[in-house]
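Asker: Position 89 of the sequence shown, counting from 1, maps to 89 under the UniProt record's numbering, and the rest follow consecutively.
Positions of the beta carbon are idealized from the N, C-alpha and C atoms, including for glycine.
Dropping a structure here in structure tokens format, bear with me for questions.
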Amino acid sequence: MGGEYRYAVSISSFTNVDSGSFVFSRAQTAGTATTTANSGDGFASFLLGQVAQATVKQNFVTIRNVGQYSALYVQDEFKANKDLNLSLGLRYDVDLPFKELHNFGSQFNPTTINTGAQGTNTPGALEFAGNGAGKDGISSRYSNVYYKNVEPRVGITWSPSSLGHKSVFSAAYSGLNAPILQWQQIYGGVPAGYSSISQINNNANPFTTGELLDPASLKSPGIANPGAFGVPNIPTNPSFDRSQLNGQNVNYTRRDFGKPGYDQTWTATVQQQFATDLILTLAISVSGPFTSAPTCSTSTIFRSRTSPSAPSSAIPSRAPARRSTESPLLTLAFREPSHKLSDPSLNITWLTPMPMAKTTASFPTTR
């Protein structure tokens, strides 16, 4: 028996103010309307200080995403009699969906009324985690914690002495939970409202010679007063405008997304030893419902006879040097095309002995 605890922190962004970026183009030194397409030079605009575009990006907070995972398990193997072995295990875990350490977060809510600068007054808008003005008093852990993650493991191996221990029948069942990864979609960067991009465009042209020299011109700053349009205003606080992502992509996590995926696997194996170096193995593995295709090797033999995680069980040989470990030199396998839920296989293996060694195998106790 044992347990496991994990505390994970992912820092996806830091508080910062960029120095800004400037774009220079030919438009600010272009000629008249009839020659604009073939005149002007970005470097000339740079020498004159005529900026085409000024941009400043800023993150208001440092995002620290925190997730926790706890698990307890118990497992044991029992020898019911000389022919029958049982392996029983049970694992219980709690996987807490990620949340931001200080509740900095926002996401789409289909029932929140869309208000704000671009508000439509219809359902569907941003909601903001945390407490305070403009926030909704909710946790940035948008999914509920699921507390029913029980993962059983059961295995049975029968090698009847009436058949000279040359036949082995085994079966196993296991249930496994998938890890929760939804935080990667929600916190791919800074949540909406906690960063800003300020930009000024100065692409008005063409302008006449008179306008070029006139500082009061609204088409473009004149040479007599370069940079008259200034630099972008830099916000100093997060924005809790619920409509700021109208017409854009948004993140959305439902409350029931905290329930992890669950995979169940059944395996059954029959092995028959025809000679000391010839074994026939028939195995089938069935999985479902599942969130991802299970991994199972049906050609591995001579693992621990009591391990339900092994799809095939060891067949003991009467030769002392072969009782624990064998090395396959040649394996001929016939396999049907993979099906969605089953994976049958037929294996014929020729074996030669290896030096005496003790091997054990059991269910994995970590994810």
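Can you tell me the Cβ-Cβ gap for Phe24 and Ala52, rounded? I've got them flagged as a contact below 8 Å.
Answerer: That belief holds up - the Cβ atoms of Phe24 and Ala52 are roughly 6 Å apart, short of 8 Å.
Asker: What residue range is occupied by the uninterrupted alpha helix (DSSP H) comprising Ser12?
Answerer: First-last for Ser12: Gly2 to Ser13, but that is the beta strand (DSSP E), not the alpha helix (DSSP H).
Asker: Might you give, ordered along the chain, the residues of its own chain that have their beta carbon closer than 6 Å to the beta carbon of Ser239, omitting 5 neighbours on each side?
Answerer: Gly193
Asker: Apply the 10 Å Cβ neighbour rule to Lys99 and answer buried if 16 or more other Cβ atoms are within range, or exposed otherwise.
Answerer: buried
Asker: Taking Cβ positions, are Thr265 and Ala283 nearer each other than 8 Å?
Answerer: no
Asker: By DSSP, does Ala44 sit in helix, in strand, or in coil?
Answerer: helix
Asker: Nearest by alpha-carbon distance to Phe43: which of Ala30, Arg26, Val56 and Asn59 is it?
Answerer: Arg26
Asker: Which residues bound the beta strand (DSSP E) around Leu245?
Answerer: It is not in any beta strand (DSSP E) - Leu245 carries neither H nor E in the DSSP assignment.
Asker: List the DSSP bridge partners of Lys79.
Answerer: According to DSSP, which records beta bridges pairwise, Lys79 is partnered with Asn85.
Asker: What residues in its chain sit with their C-beta under 6 Å from that of Leu90, if we drop five residues either side in the sequence?
Answerer: Val74 and Pro152
Asker: State the DSSP-derived secondary structure class of Ala91, mapped to helix, strand or coil.
Answerer: The amino acid occupying residue 91 in the given sequence is Arg; Ala does not appear at that position. In this structure, Arg91 counts as strand in the three-state DSSP scheme.
Asker: Regarding Ser70 and the ligand ZN, is the C-beta to nearest heavy atom distance less than 7 Å?
Answerer: The ligand ZN is absent from the structure shown, which contains no ligand whatsoever.
Asker: Helix, strand or coil: how does DSSP classify Gln28 here?
Answerer: Here DSSP, grouped into helix, strand and coil, assigns Gln28 to helix.
Asker: Use the C-beta contact count for Phe104: other C-beta atoms within 10 angstroms, 16 or more gives buried, fewer gives exposed.
Answerer: It counts as buried.
Asker: Taking Phe169 as part of the beta strand (DSSP E), name the residues at either end of that continuous run.
Answerer: Ser167 to Asn177 is the span of the beta strand (DSSP E), which, as asked, contains Phe169.
Asker: Which residues in the same chain have their Cβ closer than 8 Å to the Cβ of Tyr147, if we skip the five residues on either side of it in sequence?
Answerer: Val94
Asker: Return the residue from the list Ile200, Asn249 and Val190 that minimises the CA-CA distance to Ser10.
Answerer: Val190
Asker: If you run the structure through DSSP and keep just helix, strand and coil, what is Gly258?
Answerer: helix
Asker: Starting from the C-beta of Tyr69, find all residues in its chain whose C-beta is less than 6 Å away, skip the five residues before and the five after it, and write them out in chain order.
Answerer: Arg6 and Asp95
Asker: Take Gly20 and list the residues in its own chain whose beta-carbon comes closer than 6 Å to its own, dropping the five residues that flank it on each side.
Answerer: Val56
Asker: Excluding the 5 residues preceding and the 5 following Phe22 in the sequence, name in chain order all residues of the same chain whose CB lies nearer than 6 Å to its CB.
Answerer: For Phe22, where only same-chain residues beyond five positions count, the Cβ hits under 6 Å are Val51 and Ala54.
Asker: Measure the Cβ-Cβ separation of Gly3 and Leu72 and say whether it is below 8 Å.
Answerer: In this structure, Leu72 lies closer than 8 Å to Gly3 by Cβ.
Asker: In the DSSP assignment, find the unbroken beta strand (DSSP E) run with Val286 in it and report its ends.
Answerer: Leu278 to Ser287
Asker: In angstroms with no decimal places, state the Cα-to-Cα distance between Val150 and Asn237.
Answerer: 45 Å
Asker: Name the one or two DSSP bridge partners that Asp263 has.
Answerer: Leu176
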